[in-house]
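First up is the structure itself, then whatever we jot down about it.
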Amino acid sequence: MSDTVQAKAPVLSVEGLSIALPEGGDRPFAVENVSFEVKPNEVVCLVGESGSGKSMIAHAVLSLLPKSVNIAAGAVTVAGQNPAKLDRQALRRLRGGEAAMIFQEPLSSLNPLKRVGRQIEEMILTHQKPMPSAIEVHERVQQLLTQVGLPNPKLLEKSYPFELSGGQRQRVMIAMAMANRPALLIADEPTTALDVTTQRQILRLIDDLRRDRGMGVLLITHDFGVVADVADRVVVLRHGKVVEQGTVEEVLRNPKAEYTRELIDAVPKARLDEIRRTAVHPTPLLEVIGLEKTFRVKRGLLQPPREVVAADGISLTLHEGETLAVVGESGSGKSTLGRMIMRLTEPDGGAIRFNGQDLRRLRGEALRQARKQLQIVFQDPFASLDPRQKVGDAIARGPMAFGTSRTEAMELARKLLVRVGLNAVAADRYPHEFSGGQRQRICIARALALKPRVLIADEAVSALDVSVQAQVLALLAELRQEMKLAMIFITHDLRIAAEIADRVIVLQKGRIVEEGATADVFTAPQAAYTRDLLDAIPGRDFFDQPGFASVTGALPTARMSS
Amino acid sequence: MIRLGSAATIGLMALSRIAQLVAVILVIATFNFVLVQAAPGDPAQVMAGQSGASDPKLLEDLRREYGLDKPYAVQLASYLGRVVRLDLGYSYRQRRPVVDLILERLPATLLLTVTAFCLALLIGTTLGALAGLAAGSVLDTVFTVLSLVLYATPVFWLGLMLVLVFSVTLGWLPPFGYETINVKLAPLEHALDIAKHMIMPVTSLAAIYLAIYARLMRSSIIEVAQQDFIKTARAKGLSGPSIVVGHMLRNALVPVVTVAGMQAGALVGGAVVIETVFAWPGLGRLTFDALLQRDYPVLLGIFLILSIVVIVLNLLTDLIYRLIDPRMTTGAA
Chain U
29 MSDTVQAKAP VLSVEGLSIA LPEGGDRPFA VENVSFEVKP NEVVCLVGES GSGKSMIAHA
89 VLSLLPKSVN IAAGAVTVAG QNPAKLDRQA LRRLRGGEAA MIFQEPLSSL NPLKRVGRQI
149 EEMILTHQKP MPSAIEVHER VQQLLTQVGL PNPKLLEKSY PFELSGGQRQ RVMIAMAMAN
209 RPALLIADEP TTALDVTTQR QILRLIDDLR RDRGMGVLLI THDFGVVADV ADRVVVLRHG
269 KVVEQGTVEE VLRNPKAEYT RELIDAVPKA RLDEIRRTAV HPTPLLEVIG LEKTFRVKRG
329 LLQPPREVVA ADGISLTLHE GETLAVVGES GSGKSTLGRM IMRLTEPDGG AIRFNGQDLR
389 RLRGEALRQA RKQLQIVFQD PFASLDPRQK VGDAIARGPM AFGTSRTEAM ELARKLLVRV
449 GLNAVAADRY PHEFSGGQRQ RICIARALAL KPRVLIADEA VSALDVSVQA QVLALLAELR
509 QEMKLAMIFI THDLRIAAEI ADRVIVLQKG RIVEEGATAD VFTAPQAAYT RDLLDAIPGR
569 DFFDQPGFAS VTGALPTARM SS
Chain E
64 MIRLGSAATI GLMALSRIAQ LVAVILVIAT FNFVLVQAAP GDPAQVMAGQ SGASDPKLLE
124 DLRREYGLDK PYAVQLASYL GRVVRLDLGY SYRQRRPVVD LILERLPATL LLTVTAFCLA
184 LLIGTTLGAL AGLAAGSVLD TVFTVLSLVL YATPVFWLGL MLVLVFSVTL GWLPPFGYET
244 INVKLAPLEH ALDIAKHMIM PVTSLAAIYL AIYARLMRSS IIEVAQQDFI KTARAKGLSG
304 PSIVVGHMLR NALVPVVTVA GMQAGALVGG AVVIETVFAW PGLGRLTFDA LLQRDYPVLL
364 GIFLILSIVV IVLNLLTDLI YRLIDPRMTT GAA
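Quick note, the sequences are listed as chains U and E, same order.
Its first residue numbered 29, the first sequence is counted upward by one per residue in the numbering used here.
Its first residue numbered 64, the second sequence is counted upward by one per residue in the numbering used here.
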């Protein structure tokens, strides 16, 4: 921050803002008495877990709140105007003109039936007066697409959103937001749906644009890593109230609020010194040899089907009580690997040996018995439970299918619910009565009910808030110890892999590019791809990830690129 | 991903569909033939019965004359052979080629059904969109109740009530028929005369579909309005109308087009009832009469033509679907 910045009037100021929720909710206010400012050329991060009200504030800035909630007290001032008091015309000039917004999910945030070029044009045509000519608009679109680093803008503007990758879509959203040179950019979890490497590129892009244009950025995130990388100032929210705010150095180095400290502590970090060397049995429990899988996606009549290689000769071993992390970006084939081991997806070639048997040869009853010992927990705890089945039933069904009596199975279900940190009475309730973290605990209980020897966790904590994530990871670590579980932990988040795994496999396009003990992979990565991934971990400087430790004693650089 | 020109892709798709169409028509022709044979009674019995004498000798002669004494397989083979040559046979009852009978009636049916379909689609989606945009308002409630009533009203009953009110009581509209007979009219007046005759049958036929499309469009609009890209459009500073026209309508129409395409065929079926109620000289009446008279060649011909119409409509739906939604063109979602 330079002095000139300090001197300028804020582009956004929020004063004593309270947003009332409709009656009958779990709390009267979504946001209570929140005040903060965003100055030109400054990145302010609004941090909090789900339900903290951070998105509500972002929506209030552009007066985009749902009809059922309204501002009860306080005021928002954007570029000198209060959006709640503006008439329709002026509000429209503000939205997309002085202040632009980008959202978490770039695919659903773009109209699926409109070419992306047209969607950007629309932004220009709505705001620029007098109306520029068609040629000028077209040139401007090309220029914007180039500025956000999209290759081949000519081809790209003619594409539909579904034809682009996640990162490209978010770049299109940013190009759209930049079209009228806004003074304020609101980015609501802009990188949460993206891979680490893409996340870094997008954050860099936002930061570059901020610097070029001196615009203020309000960045909403749940990730303290992201905060450490890009923020000038931080506002920490909990249950709609500001618990702490200040410069990034103040808040991250010397958090005053207990809650902030908890959040920072909950960021998964490599605990390499703590990782114990598991006493390795001579024979592995699970052995995967040269697994192959290619998906063929049908296209038009005359086009050859598109081939996606999900597994290209993957081999791995897993011993009793060991945790193996499989990391990679989306499309690397890590989920397919998990599904193939479960035989939910049939591999094209290779062998899977489990406990001395060839899993791929098993049929019928033998397969059923083997599957019992291999259980999986999926990413989305909302979609993985039958909404019309009581939690107890969901857990008991497995053992019952293998001959346990209903009474015994229910008894077991109650015990397991207590073991995963819930109450035994939870058995008689339905999944919708639980939070995301609780549901994931239920899913874990369900998997454990069959007394598996291998547990596959497919992005099992990715959908959870950091603090909840930390609790679930701790639970898994305990269970592993207790039940001598072997775990395959599939994740895109290297920080989680570093926290929980004994060994790590790095997948890229269905191939293992690196494999080794966690400490080795994280401190001395061999493959360039692994280095890229590690490089992209948000907040790696601040949180001092091994292998990338900054020079001892040096303060972390708050900005990733300045 | 590189996209083929969508026009080229759609052209190729149309070609392959037409090849499928021919195969499907032959299967349908066979199926129709078997179905009609399975019904009790044959035309010879009906004819013999109507001429007053159920004389076995006459029955035998009639059967031989019309080839009904030959094995089913032979009858089927000769029927399919003729279908391929576009010869749909000869109506023994009406003593005219089936093709002539159908072609004579087809325009009246198409006029009725196409008009009803277009009106139902146009008015239904418009009302549905308005209701959806104003969800929860008085207007929405009125539209919803109205469409529920229309949806629940039997088609023939609505037709009869319309006749009762507008023809019998008020005397505003002609109660039945296609045109005023025995009157020479100038072309324009003739067209108006037909239009006047069409009002009630079209209304009766369109009502239920209008209700379906309105309800569908309403829920579709409500769903689209909650999508993230509508929030994006609002955050872009677009005005209400440009959000509706530029972002909501096309997305909301996708499910409506799907259902409309499937139902367009059923609409032709619904015409049978309406044409009977309003003495409309179309295929529906022809079907009804042919059924009563066991006029197999006519029935087979009509079934075949209706099947072709349904298949062609489905093909059109697919093409329109692909034009509306680019994700369908490449087959990748």
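For every residue, glycine included, the Cβ atom is placed at its ideal position computed from N, Cα and C.
Legend entry - Per-residue contacts from residue 314 (chain E) into chain U (C-beta, under 8 Å): Within the second sequence, numbered from 1, the residue matching residue 314 (chain E) stands at position 251. Listed along the chain, the chain U residues whose CB falls inside 8 Å of the CB of residue 314 (chain E) are 139, 140 and 141.
Inset, instruction - Please check the pair residue 275 (chain E) and residue 214 (chain E), which I expect to be a contact at CB under 8 Å, by giving their CB distance rounded to whole angstroms. - result: Working through the second sequence from its first residue, we reach residue 275 (chain E) at position 212. Working through the second sequence from its first residue, we reach residue 214 (chain E) at position 151. That pair is a contact at about 7 Å.
Inset, instruction - List the residues that DSSP assigns as beta-bridge partners of residue 323 (chain U). - result: Here residue 323 (chain U) is taken as the residue at index 295 of the first sequence, counted from 1. The bridge partners DSSP lists for residue 323 (chain U) are U:336.
Inset, instruction - May I have the straight-line CA-CA distance separating residue 80 (chain E) from residue 378 (chain E), to the nearest angstrom? - result: Here residue 80 (chain E) refers to the residue found at position 17 of the second sequence. Here residue 378 (chain E) refers to the residue found at position 315 of the second sequence. Cα to Cα, the separation comes out at about 7 Å.
Legend entry - Positions along the stretch 86-118 of chain U whose CB lies within less than 7 Å of some CB in chain E: From the stretch 86-118 of chain U, only 90 and 92 have a Cβ closer than 7 Å to chain E.
Legend entry - Touching by the beta-carbon criterion (3+ pairs, under 8 Å), the stretch 547-557 of chain U and the stretch 527-534 of chain U: In short, these stretches touch, since the Cβ pair count reaches three.
Inset, instruction - Please list the partners that residue 141 (chain E) has in chain U, where partner means a Cβ-to-Cβ separation under 8 Å. - result: The residue labelled residue 141 (chain E) in the question sits at position 78 within the second sequence. Those do not exist, as residue 141 (chain E) stays about 37 Å from chain U at its closest Cβ, beyond 8 Å.
Legend entry - Alpha-carbon to alpha-carbon, residue 92 (chain U) and residue 294 (chain E): By one-based count along the second sequence, residue 294 (chain E) stands at place 231. By one-based count along the first sequence, residue 92 (chain U) stands at place 64. In this structure, the alpha-carbon of residue 294 (chain E) lies about 8 Å from that of residue 92 (chain U).
Legend entry - Partners in chain E for residue 136 (chain U), counting only beta-carbon separations shorter than 8 Å: Your numbering for residue 136 (chain U) matches position 108 in the first sequence. Neighbours of residue 136 (chain U) on chain E, chain order: 290, 291 and 292.
Inset, instruction - Could you round the C-beta distance between residue 101 (chain U) and residue 63 (chain U) to whole angstroms and report it? I think they count as a contact, below 8 Å. - result: Here residue 101 (chain U) corresponds to residue number 73 of the first sequence, with the count starting at 1. Here residue 63 (chain U) corresponds to residue number 35 of the first sequence, with the count starting at 1. Contact check for residue 101 (chain U) and residue 63 (chain U): beta-carbon distance about 11 Å, past the 8 Å limit, so the pair fails to qualify.
Legend entry - CB contact flag (residue 350 (chain E), residue 362 (chain E), <9 Å): Taking the first residue of the second sequence as 1, we reach residue 350 (chain E) at position 287. Taking the first residue of the second sequence as 1, we reach residue 362 (chain E) at position 299. Yes, Cβ-Cβ distance for residue 350 (chain E) and residue 362 (chain E) is below 9 Å.
Legend entry - Minimum Cβ-Cβ distance from residue 145 (chain E) to chain U less than 9 Å: Start at 1 with the first residue of the second sequence, and residue 145 (chain E) comes out as number 82. It does not: the Cβ of residue 145 (chain E) has no partner Cβ on chain U nearer than 9 Å.
Inset, instruction - Using a Cβ-Cβ cut-off of 9 Å, state whether residue 303 (chain U) counts as contacting chain E. - result: The residue given as residue 303 (chain U) occupies position 275 in the first sequence. With a pLDDT of only 49 at residue 303 (chain U), under 50, the local geometry of the prediction cannot be trusted, and no value is derived from it.
Inset, instruction - Select from U:96, U:498, U:463 and U:473 the residue whose C-alpha is nearest the C-alpha of residue 421 (chain U). - result: Residue mapping note: residue 421 (chain U) aligns to position 393 of the first sequence, counting from 1. Of the candidates U:96, U:498, U:463 and U:473, the one whose C-alpha sits nearest the C-alpha of residue 421 (chain U) is U:473.
Legend entry - Cut-off 8 Å between Cβ atoms - residues of its own chain near residue 567 (chain U), not counting five sequence neighbours on either side: As a first step, residue 567 (chain U) is located in the first sequence; it is residue number 539 there, counting from the start. Only 251, 252, 253, 254, 255, 256, 257 and 295 meet the Cβ criterion.
Inset, instruction - Please check if any C-beta of chain U sits within less than 9 Å of the C-beta of residue 389 (chain E). - result: Here residue 389 (chain E) is taken as the residue at index 326 of the second sequence, counted from 1. Residue-level contact check: residue 389 (chain E) touches chain U, since one or more beta carbons of chain U fall below 9 Å from its beta carbon.
Legend entry - Length at least 4, wholly inside the stretch 254-339 of chain E: the alpha helix (DSSP H) runs in chain order: DSSP runs (the alpha helix (DSSP H)) wholly in the stretch 254-339 of chain E: 291-298 and 303-306.
Inset, instruction - Determine which residues of the stretch 190-221 of chain E have a Cβ less than 7 Å from any Cβ of chain U, and write them out in chain order. - result: Taking 7 Å as the cut-off between beta carbons, none of the residues of the stretch 190-221 of chain E comes near chain U.
Legend entry - residue 350 (chain U) to residue 480 (chain U) span [Cα, whole Å]: Taking the first residue of the first sequence as 1, we reach residue 350 (chain U) at position 322. Taking the first residue of the first sequence as 1, we reach residue 480 (chain U) at position 452. The C-alpha of residue 350 (chain U) lies about 14 Å from the C-alpha of residue 480 (chain U).
Legend entry - Below-9 Å beta-carbon distance, residue 154 (chain U) vs any chain E residue: Position 126 of the first sequence, counted from the first residue, corresponds to residue 154 (chain U). Residue 154 (chain U) counts as touching chain E.
Inset, instruction - Give a yes or no on whether 9 Å exceeds the smallest Cβ distance from residue 168 (chain U) to chain E. - result: By one-based count along the first sequence, residue 168 (chain U) stands at place 140. Cβ-Cβ to chain E under 9 Å: no for residue 168 (chain U).
Inset, instruction - Closer than 7 Å by C-beta to residue 135 (chain E): which residues in its own chain qualify, once you throw out the five before and the five after it? Chain order, please. - result: Here residue 135 (chain E) refers to the residue found at position 72 when the second sequence is read from its first residue. Around residue 135 (chain E): 100.
Inset, instruction - Determine, using beta-carbon pairs with one atom in the stretch 347-366 of chain U and one in the stretch 509-517 of chain U, whether at least three such pairs fall under 8 Å. - result: Touching, yes, given that three or more Cβ pairs across the two stretches are closer than 8 Å.
Legend entry - Distance between beta carbons of residue 96 (chain U) and residue 50 (chain U), contact taken as under 8 Å: The sequence position of residue 50 (chain U) within the first sequence is 22, counting from 1. The sequence position of residue 96 (chain U) within the first sequence is 68, counting from 1. Their Cβ separation, rounded to whole angstroms, is 5 Å, which keeps residue 50 (chain U) and residue 96 (chain U) in contact under 8 Å.
Legend entry - is_contact[residue 323 (chain E), chain U] using C-beta, thresh 9 Å: Taking the first residue of the second sequence as position 1, residue 323 (chain E) is located at position 260. With 9 Å as the cut-off, residue 323 (chain E) does not count as an interface residue toward chain U.
Inset, instruction - Using a cut-off of 8 Å between C-beta atoms, extract the partners of residue 51 (chain U) located in chain E. - result: Counted from its first residue, the first sequence places residue 51 (chain U) at position 23. Within 8 Å Cβ-Cβ: nothing; residue 51 (chain U) doesn't reach chain E, min ~18 Å.
Inset, instruction - Tell me whether residue 108 (chain U) is buried or exposed, calling it buried when 16 or more other Cβ atoms sit within 10 Å of its Cβ. - result: Along the first sequence, one-based indexing puts residue 108 (chain U) at 80. Residue 108 (chain U) should be labelled exposed.
Inset, instruction - State the DSSP-derived secondary structure class of residue 244 (chain E), mapped to helix, strand or coil. - result: Position 181 of the second sequence, counting from 1, holds the residue named residue 244 (chain E). Here residue 244 (chain E) carries a coil assignment [DSSP, helix/strand/coil].
Inset, instruction - Tell me whether residue 64 (chain U) sits in a helix, a strand or coil according to DSSP, three-state version. - result: Within the first sequence, residue 64 (chain U) is the residue found at index 36, counting from 1. In the structure shown, residue 64 (chain U) falls within a strand segment according to DSSP collapsed to helix, strand and coil.
Inset, instruction - Give the residues of chain U in contact with residue 302 (chain E), contact being defined as C-beta atoms less than 7 Å apart. - result: Position 239 of the second sequence, counting from 1, holds the residue named residue 302 (chain E). For residue 302 (chain E), the neighbours in chain U by C-beta distance under 7 Å run, in chain order, 120.
Inset, instruction - Whole angstroms is fine: what's the gap from residue 338 (chain U)'s alpha carbon to residue 558 (chain U)'s? - result: The sequence position of residue 338 (chain U) within the first sequence is 310, counting from 1. The sequence position of residue 558 (chain U) within the first sequence is 530, counting from 1. Cα to Cα, the separation comes out at about 18 Å.
Legend entry - Beta-carbon separation (whole angstroms), residue 216 (chain U) vs residue 84 (chain U), contact threshold 8 Å: Along the first sequence, one-based indexing puts residue 216 (chain U) at 188. Along the first sequence, one-based indexing puts residue 84 (chain U) at 56. Wrong, their Cβ atoms sit about 10 Å apart, outside the cutoff.
Inset, instruction - Assign residue 613 (chain U) to one of three DSSP states: helix, strand, or coil. - result: Examination of residue 613 (chain U) is not possible in this model, given that chain U is present from 29 through 590 alone.
Inset, instruction - Determine, using beta-carbon pairs with one atom in the stretch 459-477 of chain U and one in the stretch 488-506 of chain U, whether at least three such pairs fall under 8 Å. - result: At 8 Å Cβ cutoff, the stretches touch.
Inset, instruction - Output yes if chain U places a C-beta closer than 9 Å to the C-beta of residue 295 (chain E); else output no. - result: Here residue 295 (chain E) refers to the residue found at position 232 when the second sequence is read from its first residue. Under the Cβ distance rule, residue 295 (chain E) counts among the residues neighbouring chain U, one pair being separated by less than 9 Å.
Inset, instruction - Classify residue 75 (chain U) as buried or exposed, calling it buried when 16 or more other Cβ atoms lie within 10 Å of its own Cβ. - result: Here residue 75 (chain U) corresponds to residue number 47 of the first sequence, with the count starting at 1. Answer is buried; the Cβ neighbour count reaches 16.
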